[in-house]
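Numbers in this note's numbering are just positions in the sequence shown, counted from 1, shifted up by 114.
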Amino acid sequence: MTGPGDPADDPADDPAFRFRDIAVVAYLPSVVSSIGHGAVLPILVIHAANLGASTALAAFVVALLGIGQLANSLPSGALVARLGERRTLVIAGLVDAVAMLAAFLVSSVWLLCVCVFVSGMSWTAFLLARQGFLIDAVPVSHRARGMALLGGSMRLGVLIGPLLGALLIHLLGVRSVFVLAACASLASALIVTRMPDFGRVARSVTPLPVHSVLWEHRRTLLTLGVAVIIIGASRSVRTGLLPLWADHVHISAAVVSLLFAVAATIDIALTLPGGWLLDTRGRQVVAVPVVLAVGVGCLLLPLTDSALGVGLVMAVIALGNGLGSGIVMTLGADAAPQAGRAQFLGGWRLCGDLGNTGGPLLVSAVAAVAPLAAAPVLLGVLALLGATWVGHWTGKADRRRRG
C-alpha cells in the first residue's frame, strides 16, 4: 500500500495526462496575477521619481521587490510545507492586493518602499506554491514544458499588464496602475480556491526543519544553486536596469510600457520551443543562452538613446529569456527531494532571489557613485563570465539526470 506522495497515488503519473485538463487551476492564476505585476514593473521607477526619489533611490525602490522576495524565500518554503500550496496562494494574493492598494494611496516614497517590499514577499510565496503544485500535477516527461508554460503564463500577464497599464496611464495617470494590480491579485486569490492540493494529504506529519533540509542538500545549492543566482541576476536587468535607462534617455512611461509589452510578446512566442528544448535536449542548451543574451544586451545598452534603440536591446534580452522560460523552476524540480521538498524549494527560491535582488542593488550602487552607463557595462561583463559557471553545472546536472 502506498502513502501520500508515492508514485501510485500521484496524479502526475497519469499516462493520459493533458495540459488542458489543469490549465485553469495551474496557469490562469499566474496569468491574472502577472497582469498586475506586469503593469506595475515599468512604472515603479517613474512613480518613485514623481514622489521625489533620486535616480539611486528610484533604483532602490525597484530592488525592494527582489529584497522582499529574498526575505520571504525560506519562510515561504516552511509555509507551503505546513499549509499546502492552495492556502499559501490565497494568502499571497490577498496580501499583495492590500500592498498594491496601499501603494496607490501613499504619497511618500518611503511608504511606497514598504508597499513594494511586501509585494515582493507575497510574490515569492506565490511562485513557490505554484511550482510545488506543478511538480505533483505534471509527469516528469513533461516537466520542463509544464514549468515553461508556467513561465509563459506569467509572461502573458506581463504582456497584457503593460498594455492595460499604458491605457490607464493615458486615461487616469500613473497611480491607477496600482489599482489594476490590486484587482489582479484579488482575482488570482479567488481562482486558486478551486485548486486541489496534489500530494499533500498527510497534514498531520510534522514538517522537517528548513535548516536541516538545506544542510543535507548544501552541495547542490552551492553549485547548481549558484548557477541559478547568476541566471536570476541576469534576468533582473529587465526590471532593474531597462526602465531606469529608459527614464535616463527621457522615454515616457506609456512608451516604456509598450516596449515591455513587445519584449513580453517575444518571450511568449519562445515559451513552447524553449520547453521542448529543455525536455528533449537538456537544461544546459537553454540556460547558457539566457545569460549570454543579457550580457550582449547590457553591453549594447549604453549605445542607445532612443525608444527604438532601447527596444532592440530589450528584444535581444527577450530572445534568451523566452527560450529560458521555466528554467529555474525546472532545475529546482529536478533537484528537489521527496522529503522536505517545499523547504528545499524555499532554499532554491532563495538562490534565485539572491540573483534577482543582487542585480538591481548593483545597479543602484553603481548609479550612486558613477554615471548610469557604467552599470550595464559591468553587468554585461559579469553575465558573460557567469555563463561559464552556468554551462558547467547545468551540463553536469543533465548528465546525472540522463543516467
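For every residue, glycine included, the Cβ atom is placed at its ideal position computed from N, Cα and C.
- For P143, the three-state secondary structure derived from DSSP is helix.
- In the DSSP assignment, S302 falls within the unbroken alpha helix (DSSP H) covering S290 to I305.
- Going by C-alpha positions, V138 is about 18 Å away from G150.
- Looking at the backbone, the Cα of V442 and that of G461 are separated by about 12 Å.
- A distance below 8 Å between beta-carbons, with the five flanking residues on each side excluded, links L226 to the following residues of its chain, in chain order: H161, A162, L165, V175, A217 and V220.
- In the assembly as shown, P323 is an exposed residue. Its beta-carbon has fewer than 16 other beta-carbons within 10 Å.
- When G275, A489 and V504 are compared, the shortest CA-CA separation from T169 is found for A489.
- Cα atoms of M235 and T334: separation of roughly 25 Å, rounded to the nearest angstrom.
- Taking the C-beta atoms as reference points, A378 is found nearer than 8 Å to G152.
- Cβ atoms of A243 and E199 come within 8 Å of each other, at about 4 Å.
- A residue is called buried when at least 16 other Cβ atoms come within 10 angstroms of its Cβ; W237 meets this threshold and is buried.
- Per the C-alpha coordinates, the member of L286, R397, H506 and V430 positioned closest to R516 is R397.
- If you draw a straight line from the Cα of L277 to the Cα of S267, it is about 16 Å long.
- Scanning its chain for C-beta atoms nearer than 6 Å, with the 5 sequence neighbours on each side dropped, one finds around A347 the residues G469, G472 and G473, in chain order.
- For the pair S439 and G389, the CB atoms are nearer than the 8 Å cut-off.
- The C-alpha of V363 lies about 42 Å from the C-alpha of F458.
- Shown here, L355 sits in coil according to DSSP, grouped into three states, outside any helix or strand.
- Counting the other CB atoms within 10 Å of its CB gives Q452 a total below 16, which places it among the exposed residues.
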